[in-house]
Structure formats: C-alpha cells, structure tokens
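Protein chains: 2
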Amino acid sequence: MNLDEQLAYLTKGAEETIRVEELRSKLERSARTGKPLRVKAGFDPTAPDIHLGHTVLIRKLKHFQDLGHTVIFLIGDFTGMIGDPSGRTATRPPMTPEEVAANAETYKAQVFKILDPEKTVVDFNSRWLDKLSSRDWIALASKYTVARMLERDDFAKRVKEHQPLAMHELIYPLAMGYDSVALEADVELGGTDQKFNLLVGRTLQQEYGQEPQVIMTMPLLEGLDGKQKMSKSLGNYVGITEPPEIMFGKLMSISDELMWRYYLLLTDMTPGQIEEVKHSKLPLEAKKEFAQRIVSDFHGGEEAKWARGHFESSARLRQQKGALTEDEILHENEPVVLHNAFNRKLPPLLVELGLFTSNSEAQRKIKEGAVYMAVPDTGDKRRWQRLDDPTWKFDAATYQGKKVIFRFGHRLVEAELTD
Amino acid sequence: MNLDEQLAYLTKGAEETIRVEELRSKLERSARTGKPLRVKAGFDPTAPDIHLGHTVLIRKLKHFQDLGHTVIFLIGDFTGMIGDPSGRTATRPPMTPEEVAANAETYKAQVFKILDPEKTVVDFNSRWLDKLSSRDWIALASKYTVARMLERDDFAKRVKEHQPLAMHELIYPLAMGYDSVALEADVELGGTDQKFNLLVGRTLQQEYGQEPQVIMTMPLLEGLDGKQKMSKSLGNYVGITEPPEIMFGKLMSISDELMWRYYLLLTDMTPGQIEEVKHSKLPLEAKKEFAQRIVSDFHGGEEAKWARGHFESSARLRQQKGALTEDEILHENEPVVLHNAFNRKLPPLLVELGLFTSNSEAQRKIKEGAVYMAVPDTGDKRRWQRLDDPTWKFDAATYQGKKVIFRFGHRLVEAELTD
Numbered sequence: 000m001n002l003d004e005q006l007a008y009l010t011k012g013a014e015e016t017i018r019v020e021e022l023r024s025k026l027e028r029s030a031r032t033g034k035p036l037r038v039k040a041g042f043d044p045t046a047p048d049i050h051l052g053h054t055v056l057i058r059k060l061k062h063f064q065d066l067g068h069t070v071i072f073l074i075g076d077f078t079g080m081i082g083d084p085s086g087r088t089a090t091r092p093p094m095t096p097e098e099v100a101a102n103a104e105t106y107k108a109q110v111f112k113i114l115d116p117e118k119t120v121v122d123f124n125s126r127w128l129d130k131l132s133s134r135d136w137i138a139l140a141s142k143y144t145v146a147r148m149l150e151r152d153d154f155a156k157r158v159k160e161h162q163p164l165a166m167h168e169l170i171y172p173l174a175m176g177y178d179s180v181a182l183e184a185d186v187e188l189g190g191t192d193q194k195f196n197l198l199v200g201r202t203l204q205q206e207y208g209q210e211p212q213v214i215m216t217m218p219l220l221e222g223l224d225g226k227q228k229m230s231k232s233l234g235n236y237v238g239i240t241e242p243p244e245i246m247f248g249k250l251m252s253i254s255d256e257l258m259w260r261y262y263l264l265l266t267d268m269t270p271g272q273i274e275e276v277k278h279s280k281l282p283l284e285a286k287k288e289f290a291q292r293i294v295s296d297f298h299g300g301e302e303a304k305w306a307r308g309h310f311e312s313s314a315r316l317r318q319q320k321g322a323l324t325e326d327e328i329l330h331e332n333e334p335v336v337l338h339n340a341f342n343r344k345l346p347p348l349l350v351e352l353g354l355f356t357s358n359s360e361a362q363r364k365i366k367e368g369a370v371y372m373a374v375p376d377t378g379d380k381r382r383w384q385r386l387d388d389p390t391w392k393f394d395a396a397t398y399q400g401k402k403v404i405f406r407f408g409h410r411l412v413e414a415e416l417t418d
Numbered sequence: 000m001n002l003d004e005q006l007a008y009l010t011k012g013a014e015e016t017i018r019v020e021e022l023r024s025k026l027e028r029s030a031r032t033g034k035p036l037r038v039k040a041g042f043d044p045t046a047p048d049i050h051l052g053h054t055v056l057i058r059k060l061k062h063f064q065d066l067g068h069t070v071i072f073l074i075g076d077f078t079g080m081i082g083d084p085s086g087r088t089a090t091r092p093p094m095t096p097e098e099v100a101a102n103a104e105t106y107k108a109q110v111f112k113i114l115d116p117e118k119t120v121v122d123f124n125s126r127w128l129d130k131l132s133s134r135d136w137i138a139l140a141s142k143y144t145v146a147r148m149l150e151r152d153d154f155a156k157r158v159k160e161h162q163p164l165a166m167h168e169l170i171y172p173l174a175m176g177y178d179s180v181a182l183e184a185d186v187e188l189g190g191t192d193q194k195f196n197l198l199v200g201r202t203l204q205q206e207y208g209q210e211p212q213v214i215m216t217m218p219l220l221e222g223l224d225g226k227q228k229m230s231k232s233l234g235n236y237v238g239i240t241e242p243p244e245i246m247f248g249k250l251m252s253i254s255d256e257l258m259w260r261y262y263l264l265l266t267d268m269t270p271g272q273i274e275e276v277k278h279s280k281l282p283l284e285a286k287k288e289f290a291q292r293i294v295s296d297f298h299g300g301e302e303a304k305w306a307r308g309h310f311e312s313s314a315r316l317r318q319q320k321g322a323l324t325e326d327e328i329l330h331e332n333e334p335v336v337l338h339n340a341f342n343r344k345l346p347p348l349l350v351e352l353g354l355f356t357s358n359s360e361a362q363r364k365i366k367e368g369a370v371y372m373a374v375p376d377t378g379d380k381r382r383w384q385r386l387d388d389p390t391w392k393f394d395a396a397t398y399q400g401k402k403v404i405f406r407f408g409h410r411l412v413e414a415e416l417t418d
C-alpha cells in the first residue's frame, strides 16, 4: 500500500483522527527510519468477556499491525487494583494481582483471535503508575489545569447538577494520560466516549517533552437491534466466544443497513472492496458471506462453512415444518422481482414464484380458498386477503412496483410486481 | 488553673476556635488520663526570619505548652522540596534537604526563645508525604470533593476570574490536611488565612477514622503602622533577632490602641492582668513596660532593662538637643490634664506644665514672642499661633476638654484643659 492507501485503510470507520496530517508524517517517518509506530489502546481489567462491539477497536489495532506497527494492548489494572478508594461502597472491591493476571489471560485468549500474538505487547499500567512517587504525582497534577479537566462532559454535568465529584476522579484522567507518556505512544485508539482522556494523553506528552500522540476514536458499535450500542446487559450482542451457529444466526438477524455498517467496522476489507460487494451481491447473499467471515474470524473457516450450512438447512427445515414466523420466513428469503405481472392470471404467477408446481394445482388451491396475499406497505399490520378468483389480474395502476406477499399454508413469497 | 481559666487562657486573642466545647472535652480528657494534647502548627520552610507577627502563633503554642501539652512545630518541607512542579518558572527552585535542615536550625534558634525545647517536637511533613504510595494519594484524593475544595476563597476567585489553577494546587491542601492525620493532632493552630486548610485537616481526620482536631485561628498581627499586617516587605515589623535598643524603640513608636492589642497577642498575660495594667498605668508607662517585656523575651531581662534606660536617656538627650521632631516629642510625653485652666493667666499654667520654672520667666518669654500654642484637633495640620499676651485667659466655652500643645523653643507640652 502506498501512503494514501495506508491512511485510507487506517482511518476507515474511525469517527475522528486528530490529526490526519500528523498520522501521515508519523507513517512517513516510520517508513523512512524502519521504526514501527507504537499504537496503544487501554482496556478495563474487569470485563474480559469480549463481544463484537469491543472488536471494532481491536480490529483497528490489527490494521496498524497489518502495516507492521507495534500494538500495545494496555490493561488498566492500576485503577482496578484500587477499587473504590473512598471506601464508601462495597461494590468495587479492589482486584488482586492474581485476578488481574487471570483476566489478562482471558483477554489474550480472546484478542489474539484478531491480533497477532507475536506482534502485540500486552502491558499493565500499574507497572509505572504504582511506582510514581509523591513528587511525581504532584508534578503530574501540575501539568493540567482544573478548569480544563472540568470541561470533560460528565464532570461538567455533575458539577452543574451539584452531584458529588471526588478529587481522585479528577486525577484518574491524568493517570491514564500518563500511560501515553510512559509508553511513548505514537497513536492511541479509543471509543468516542474516550476522546477527552485520549486528548489528555496528547497534552501530557507535550508537557513531558514528547511528540504528541495521534488520537483516533472509533464509533461505539450498534447492537443487533441497530439502535442502542452493543452491550451484554441489553442482550443485543454477539460474544466472540459464542458457538459458530449462534453467532451466524444472530448476524443473519440484522437489518441490511446495519450489515453494511458491520462490514465497515468488523472486517479488514477496504472501503473499495465493500463497495464491490454492495454492487455485485444481493443483500441476503452479502449477509451470509459477512456472517461466515465473522464466524471464520473467531472459529476458523471450516466451522464458519459448517455454520452457514447449518443455518441454511435448518432454515429450510423450519420453513418446511412451519416452525418459522412469517417475519422469519420473509427475512430469510429475498423478494423476487416478478416481471409481466399485469397481463397474466394468478396461477402462472404463483407457479413462477414457486408456491405451486403447476397451474392446475394453483387454480384448485385458489378455488379452495387456501391462497392469501398481503401488501405490506399499507401499514405496519399485514392484512391478509383471500385470493379466491383464479382469473383475477393485478391492475398496473395500483400495483406497479409494489411488493406483495403471497401465502399458501406456511409458505410465503414476497414479490415485486413490474411490467 | 481550673478548666474555665485554661479555656480563657488558651482562647485569649484567638480569632476563632472550632469548637470550644470540643477543646473543653479534650482538655478534660487529657486531665483525666494524663495524656497531653498534641498541638500542631505548620510553618513554611522558606522564611525562617521570624518577626513579632509570627510569634502570635508561636506564643499560642507556648500557652498550650504552659499547660503541659505537647507542641509539634511542623516544618512543611514537602512542598518546599518540590518547588514549582510545573517547571514553568525558575522562581521557586526546589530546596535541597540541606537547605531545609539549615532553615530548621534557624527556626529552632528563634522559636526556642518562646517555646521550651524540651517540650517541643520539631517535625517535617516530607517524613510521611514523601512516603505516600500512588494508592495512598488516590485514596487521599477520594476523601474530598472537588466542589468543596473550590470553595476556598482564593480558588473560587481564580476560577471566577478565569485565572489558571493547576490541579496540583488543589492537592496541596489535602497533603497539608493529611499532616494532621499523620500526626494524630488534637489541636491545630494557624493564621486566619489558614482556616480553610485547617478545616481540611479536621475533615480528613474523620475520614481516616480519627477524632477531628480542634482548630484555632490567630489573627494576623498589624504592623507598627497599626494598619497593614506586619511584614518584612512593608517595613512595619519588629524582627525577633533585632538588637534590644532597636526593638525597644520600634515598640515605643506604636499607638496606644495598638499597644493594647500587642499586649493581648504578644504576651502571656491573662486578660485580667492586662485589664489591671490598663487601669493602673499611664499609657506611656504601660508602653515602656510592654517594650521591656518583649525585649526581655528575646534578649533577656538585663538587656531589656538596658534598652529601656538607653531609650529614656537618649530621648531626653535628643529632646534637649532639639533633635526630635514635634511628633516624636509629643509621642513620648503623656498629655497632662491641666485643672483650673480657665481662671488663670498663661504664666502659672505654663509653669505648672513645666515649660518654665517661674511665672516671671514665662511672662518675659511670652512678651518676647517665644511661646506658641496649637490646637491639634482643628485638623491634620498643626497651626502654631503666637501667645504674646501674658494676661490672656482660655475661654471655657471654647477650650473645655480640648487638648492644646504649648511650645517654647524645642520644648513641647500637650495639655488637656479642664475646670
């Protein structure tokens, strides 16, 4: 990749990069000197059960790794090992070094499905924060003004609403920012909600005579519902240790719109490659390929292939058994474009749509009153109406371009009616 | 002393005691258990050249010592040894341990003129503050809210005026407050300007599970001008290492009003004893006794006696030689109350006032035009008018109760005219 391609690849999906020019010059210098960039991201030591939402950031780390840079997976154990220092609540007992180490192993087992273990430095910020002397802390605190710290959104809100804000909470962002100084980071990645903290690191590096890090914020991934951010507590998540078939099934349930966003944030494909898929594949096929790709990331290619097969056959099976809801059936089948829809009677149309194998069968079932249709875009409710006249024809003025769902028993087909 | 007398003695001259009831119960418990109270005051390590202003606090420590309690003279070397941690100015280079130790020796040499070296603990807060771990600092900071810290007058002012306030400045009061925790102080003394910091100590002790200290603020001593606070830079000070005669002279220059305040704040006399002096001595005499007492505190009784003699003889000498200004002369002589002032001619009045030895001499000098009078309260300017009629009498309606200054050559007498 040339420099422009590298920049496009690295900034793909990022919410904000401060600043792109600085990243460019760091990449240039790295290429010139052969010295890889040091790319850091911090992780909470208490939550090592990673879902796809977390992988957005980890995958961005991988992109830097793909280009030969050094990734530092930093576990913020300093705060975790302190717990609630005010001693007012028992909700956050301090973690022991053993717990931190155990969590780190769990983390590794999970993130090394994306990151290359050989090219990843796993570090702990207690390594330097625990060693800061009283003098170091005072010096650190002297590098930042109170006013600036209180600009942080959540602090400002709490001050405004007269909610208590303890002094140590103001110190934590300094400690986290100091991580970048200790690591001499060139780039720091974080969620959009981390922007303030990342900027503190940038400022502190300058105060300590270092070149400021580039900061890159990654969006918070929407959950399967496409609305709220992915989180365990909301249930709209895909855990990276979930079984292949569960993962595949969950991913098949997302909307097409969300699928393209997931393509952007959850794969290593370049923006160009994603565009190509968009133009060459039907959404259902693109979604299956996406799901297979993600399952493959965490379970390998064979498992992913099996998961896809499992999904497809079980979908068929369930459809045959009538075990699917109307929505499930429609969701798993592409609408068909039905040409020459207004000159023909119903039976040949229904045969073309695969609902019957012959015109006579279609005609008989229509007469029996067993065939229904619904026009979904007349409202949220799907109002079924019986098709009891085999000679009836669709009127072009009313139905041109409309999608109509036909139903016989448990079988449903959606068709777009055109000339 | 009984408990009430002890309380009166200890709170004498104090601006504020929070709270007197707590001090009473601490004193009671101390008397019961035989365990002396731990009474702490903190001192800046950079300014060991003590003047009388500083002694207000030191003397208050002595009062506790007089009653058998343990005084902790705490040198706040922690901040001094850090200097300006932001590194932005070169104005406050960090002090070396040697400098701190040297300053401590100078301090001791000075304060042990008031405090009993045997009963005084000299300590340095770097002893514990330097040893605080990262975890300790976070825990310390967690004990106090940002909002509360920003209530401190000077912080509030700077925030309001958008002047920079660095984070470490918010931490210093916590560090100073922690001193009380480390020392398990029962009482902390400070200037009125230290009230906020003393209260932080009180709060932190409770947070760390200790009984809160009683805090006692001492007023800032006015300088010799009676207006601004005593300070070296204003020149209105009496240094405790100044020579006896300089000290004595400076103290004789203060106003009567200020003298009584100095009596209260700079001596060990009880309020009752001071009242007694007020009623039994003329102000000039009271002032000489006061000056002698203070000089004696720092140079011993013999030197003080000598200084007083030196002052009196040199005052006479200078007065005789006309070397004094009108103000100096008037200042060093009490106004005389002149009875029966309105029925008599000028010569006997002037003889009674000691300006002449005989009526005939007075009459001659008046005729020669060598005698003047001025009524000071007609304005700031002292307008002299010649008294050239020996037969003139004061008019009671105009002069009743007035103070009039009479002058012959360099000799001046101030008299209050009454029936």
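Note that the protein sequences, when read in sequence, are chains A and B. When the letters of the first sequence are read in order and numbered with numbering that gives the first Met the number 0, they come out as residues 0 to 418. When the letters of the second sequence are read in order and numbered with numbering that gives the first Met the number 0, they come out as residues 0 to 418. From the three backbone atoms N, C-alpha and C, an ideal C-beta is built for every residue, glycine too. Computed from a prediction, not measured in an experiment: that's the story for all the values here.
Check each candidate in Pro347/B, Ile365/B and Lys366/B and name the one with the smallest Cα separation from Ser357/B. The sequence position of residue 357/B within the second sequence is 358, counting from 1. For Ser357/B, the nearest C-alpha among the options comes from Pro347/B.
Give the straight-line distance between the Cα atoms of Glu15/A and Met258/A, rounded to the nearest whole angstrom. Locating residue 15/A in the first sequence gives position 16, counting from the first residue. Locating residue 258/A in the first sequence gives position 259, counting from the first residue. Rounded to the nearest angstrom, the two C-alpha atoms are 22 Å apart.
Anyone know if the C-beta pair for Leu220/B and Leu149/B falls short of 9 Å? Here residue 220/B refers to the residue found at position 221 when the second sequence is read from its first residue. Here residue 149/B refers to the residue found at position 150 when the second sequence is read from its first residue. No. Outside cutoff.
Would you call the segment 198–213 of chain A in contact with the segment 48–57 of chain A, where contact means no fewer than 3 C-beta pairs closer than 8 Å? no
Do we get a CB-CB distance below 9 Å when we pair His161/B with the residues of chain A? For the purposes of this step, residue 161/B is identified with residue 162 of the second sequence, where counting begins at 1. Yes, His161/B lies at the interface with chain A (some Cβ there is under 9 Å from its Cβ).
Please say whether Ile170/B and Trp136/B have beta carbons closer to each other than 9 Å? Mapped onto the second sequence, residue 136/B falls at position 137. Mapped onto the second sequence, residue 170/B falls at position 171. Yes.
In angstroms, rounded to a whole number, what distance separates the CA positions of Glu415/A and Val276/A? As a working note, residue 415/A is residue 416 in the first sequence. As a working note, residue 276/A is residue 277 in the first sequence. Whole-angstrom Cα-Cα distance: 23 Å.
List the residues of chain B whose Cβ lies closer than 8 Å to the Cβ of Arg126/A, in chain order. Taking the first residue of the first sequence as position 1, residue 126/A is located at position 127. Near Arg126/A there are no residues of chain B at all, since even the closest Cβ is about 11 Å away, more than 8 Å.
List the residues of chain A that His167/B touches, going by C-beta distances under 7 Å, in chain order. By 1-based counting over the second sequence, the position of residue 167/B is 168. Neighbours of His167/B on chain A, chain order: Ile137, Ala140 and Ser141.
Below 7 Å on C-beta distance, what does Ile170/B contact in chain A? Here residue 170/B corresponds to residue number 171 of the second sequence, with the count starting at 1. Under the 7 Å cutoff, chain A gives Ile137 and Ala140.
Chain-order list of residues whose beta-carbon lies under 8 Å from that of Asp192/B (same chain, five-residue window excluded): As a working mapping, residue 192/B is identified with position 193 in the second sequence. The residues are Leu219.
Strictly by DSSP, which residues pair up with Met0/A? Numbered from its first residue, the first sequence carries residue 0/A at position 1. Paired residues: none, contrary to the question.
Buried or exposed: Met0/B, going by 16 or more other Cβ atoms within 10 Å of its Cβ? What you label residue 0/B is simply residue 1 of the second sequence in a count that begins at 1. Per the 10 Å Cβ criterion, exposed.
Contact check, Ala184/B vs Asn124/B, beta carbons under 9 Å: Translated into the one-based positions of the second sequence, residue 184/B becomes position 185. Translated into the one-based positions of the second sequence, residue 124/B becomes position 125. Contact flag unset, no.
Could you check whether the segment 360–368 of chain A touches the segment 0–11 of chain B, counting it as contact only if at least three pairs of C-beta atoms, one from each stretch, sit closer than 8 Å? no
Is the Cβ-Cβ distance between Glu4/B and Thr269/B less than 9 Å? Here the question's residue 4/B lines up with position 5 in the second sequence. Here the question's residue 269/B lines up with position 270 in the second sequence. Yes, they are a contact pair.
Less than 9 Å separating the beta-carbons of Val158/B and Ala146/A? Stepping through the second sequence from its first residue, residue 158/B is reached at position 159. Stepping through the first sequence from its first residue, residue 146/A is reached at position 147. In contact: Val158/B and Ala146/A (Cβ atoms closer than 9 Å).
If you draw a straight line from the C-alpha of Arg151/A to the C-alpha of Ile293/B, how long is it? By one-based count along the first sequence, residue 151/A stands at place 152. By one-based count along the second sequence, residue 293/B stands at place 294. Between Arg151/A and Ile293/B, the C-alpha separation is close to 56 Å.
Cα-Cα, which of His298/A, Asp296/A and Lys287/A is closest to Arg307/A? Position 308 of the first sequence, counted from the first residue, corresponds to residue 307/A. When each option's Cα is compared against that of Arg307/A, the closest is Lys287/A.
Nearest candidate by alpha-carbon position, reference Asp153/B, set Pro172/B, Leu354/B, Thr78/B and Leu337/B: In the second sequence, counting from the first residue as 1, residue 153/B sits at position 154. The shortest Cα separation from Asp153/B among Pro172/B, Leu354/B, Thr78/B and Leu337/B belongs to Pro172/B.
Can the beta-carbon of Glu210/B be found less than 9 Å from the beta-carbon of His309/B? As a working mapping, residue 210/B is identified with position 211 in the second sequence. As a working mapping, residue 309/B is identified with position 310 in the second sequence. Result no, Cβ atoms of Glu210/B and His309/B do not sit closer than 9 Å.
From the DSSP output, read off the bridge partner residues of Met175/A. On the first sequence, residue 175/A is found 176 positions in, with the first residue counted as 1. Bridge partners of Met175/A: none, in fact.
Against chain A: residues of the segment 93–108 of chain B by CB proximity under 7 Å: none
Under 8 Å: do the segment 91–108 of chain B and the segment 33–48 of chain A share three or more Cβ pairs, one atom per stretch? no
Under 9 Å, Cβ to Cβ, is there at least one residue of chain A near Ile81/B? Within the second sequence, the letter at position 82 stands for residue 81/B. Closer than 9 Å to some Cβ of chain A, the Cβ of Ile81/B qualifies, so yes.
Can you tell me which of the three DSSP states Ile137/B falls into? For the purposes of this step, residue 137/B is taken as the residue at position 138 of the second sequence. The answer is helix: DSSP assigns Ile137/B an H, G or I state.
Reduced DSSP secondary structure (H/G/I, E/B, other) of Gly189/A: In the first sequence, residue 189/A corresponds to position 190, counting from 1. Three-state DSSP puts Gly189/A in a strand.
For Met268/B, decide whether its Cβ has a neighbour in chain A, counting only Cβ atoms nearer than 9 Å. In the second sequence, counting from the first residue as 1, residue 268/B sits at position 269. No, because no Cβ of chain A sits closer than 9 Å to the Cβ of Met268/B.
Taking its Cβ as the centre, do 16 or more other Cβ atoms sit within 10 Å of Ala138/A, making it buried, or is it exposed? On the first sequence, residue 138/A is found 139 positions in, with the first residue counted as 1. Ala138/A is buried by the Cβ-count criterion.
Do Ile214/B and Lys198/B count as a contact pair if the criterion is CB distance below 9 Å? For this step, residue 198/B is matched to residue 199 along the second sequence. For this step, residue 214/B is matched to residue 215 along the second sequence. Lys is not the amino acid found at residue 198/B; the sequence shown has Leu there. A contact, by the Cβ cut-off of 9 Å.
How would you call Val110/A, buried or exposed, if buried means at least 16 neighbouring beta carbons within 10 angstroms? Here residue 110/A refers to the residue found at position 111 when the first sequence is read from its first residue. When all chains shown are included, Val110/A counts as buried.
In chain A, which residues lie with their C-beta within 9 Å of the C-beta of Leu173/B? As a first step, residue 173/B is located in the second sequence; it is residue number 174 there, counting from the start. Neighbours of Leu173/B on chain A, chain order: Met166.
C-alpha distance - Pro375/B paired with Leu354/B, whole-angstrom precision: Position 376 of the second sequence holds residue 375/B. Position 355 of the second sequence holds residue 354/B. C-alpha separation (whole angstroms): 18 Å.
To the nearest angstrom, report how far apart Lys118/A and Leu182/A are at their CA atoms. Counting from 1 along the first sequence, the entry for residue 118/A is found at position 119. Counting from 1 along the first sequence, the entry for residue 182/A is found at position 183. Each residue's alpha carbon lies about 16 Å from the other.
Could you pull the DSSP bridge partners for Phe72/A from this structure? Numbered from its first residue, the first sequence carries residue 72/A at position 73. In the DSSP output, where bridge partners are listed per residue, Phe72/A has Ala40/A and Val121/A.
Could you check what DSSP says for Ala7/B in three-state terms: helix, strand or coil? Counted from its first residue, the second sequence places residue 7/B at position 8. Here Ala7/B sits in helix by DSSP.
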